[in-house]
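Numbering (UniProt numbering), first residue to last: 1 to 140.
Even glycine gets a Cβ: it sits at the ideal position worked out from N, Cα and C.
Remember, predicted model here, so these are calculated numbers, not experimental data.
Reading through the structure tokens given below for one structure.
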Amino acid sequence: MDTTDQKLIALLKRDGRASVTTLAGELGVSRVTVQTRMDRMRRDGTIRRFTVEMGAGEADDLIHAIMMIEVKGAQTATVIKQLRRMPEIVDLHTTNGVWDLVAHIETASLPDFDRVLRQVREVQAVTGSETSLLLDRARG
1 MDTTDQKLIA
11 LLKRDGRASV
21 TTLAGELGVS
31 RVTVQTRMDR
41 MRRDGTIRRF
51 TVEMGAGEAD
61 DLIHAIMMIE
71 VKGAQTATVI
81 KQLRRMPEIV
91 DLHTTNGVWD
101 LVAHIETASL
111 PDFDRVLRQV
121 REVQAVTGSE
131 TSLLLDRARG
């Protein structure tokens, strides 16, 4: 990844709906260059998806949870690949300590939430997990 890719990603983080023409203008490159780079980054997994981030009041109806995940042996990279395919996992981090991964899960309903928990637990090499529902955002 070069500096143009990094700048492109920064622009997309700021406005994921920006047109290829707008992005090309801000980067000082052609539209073809931007499109080619975006296509490559989607293929190689650098860009996984384009998403919507809702304001605090708008996301209140979603089920939010943090799931700590234990992975068997040196299979973390394989597990990460499988978990990233689940759209309900909106953020995924490696960590140290008892747990190997921490996943932020968002679902529209409790049945969907239950389904996602089962899917994660069925992933080969996931040996344990602990999940906490997020009840309210501490504002202050």
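Supposed close pair residue i, residue j - CB separation, criterion 8 Å
i	j	result
Leu-83	Val-123	7 Å
Thr-107	Ile-63	5 Å
Leu-92	Ala-103	5 Å
Which of helix, strand or coil DSSP assigns to residue i
i	result
Leu-117	helix
Leu-23	helix
Ala-103	strand
Asp-112	helix
Leu-133	strand
Best match in the options for proximity to residue i [C-alpha to C-alpha]
i	options	result
Thr-76	Leu-8, Leu-101, Asp-136 and Gln-6	Leu-101
Thr-95	Ala-125, Glu-26, Met-67 and Leu-8	Met-67
Asp-136	Ile-9, Ala-65, Gly-25 and Arg-14	Ala-65
Trp-99	Val-126, Thr-33, Arg-85 and Pro-111	Val-126
Val-29	Thr-4, Ile-80, Asp-39 and Lys-72	Thr-4
Glu-88	Ser-129, Asp-112, Gly-97 and Lys-13	Asp-112
Arg-17	Phe-50, Thr-33 and Val-32	Phe-50
Lys-81	Ala-24, Val-34, Asp-61 and Arg-48	Arg-48
Any non-hydrogen atom of the ligand GTP within 7 Å of residue i CB
i	result
Leu-117	This structure lacks the ligand GTP, and indeed carries no ligand of any kind.
Opening and closing residue of the alpha helix (DSSP H) in which residue i lies
i	result
Asp-5	3–14
Val-32	31–43
Bounding residues of the beta strand (DSSP E) (the contiguous stretch that carries residue i)
i	result
Ala-65	63–71
Exposure label - residue i; buried when at least 16 CB within 10 Å
i	result
Met-1	exposed
Val-120	buried
Leu-110	exposed
Leu-8	buried
Val-32	exposed
Arg-37	buried
Residue i at chain D interface by Cβ criterion, 8 Å
i	result
Arg-84	No chain D appears in the structure shown, which is made up of a single protein chain.
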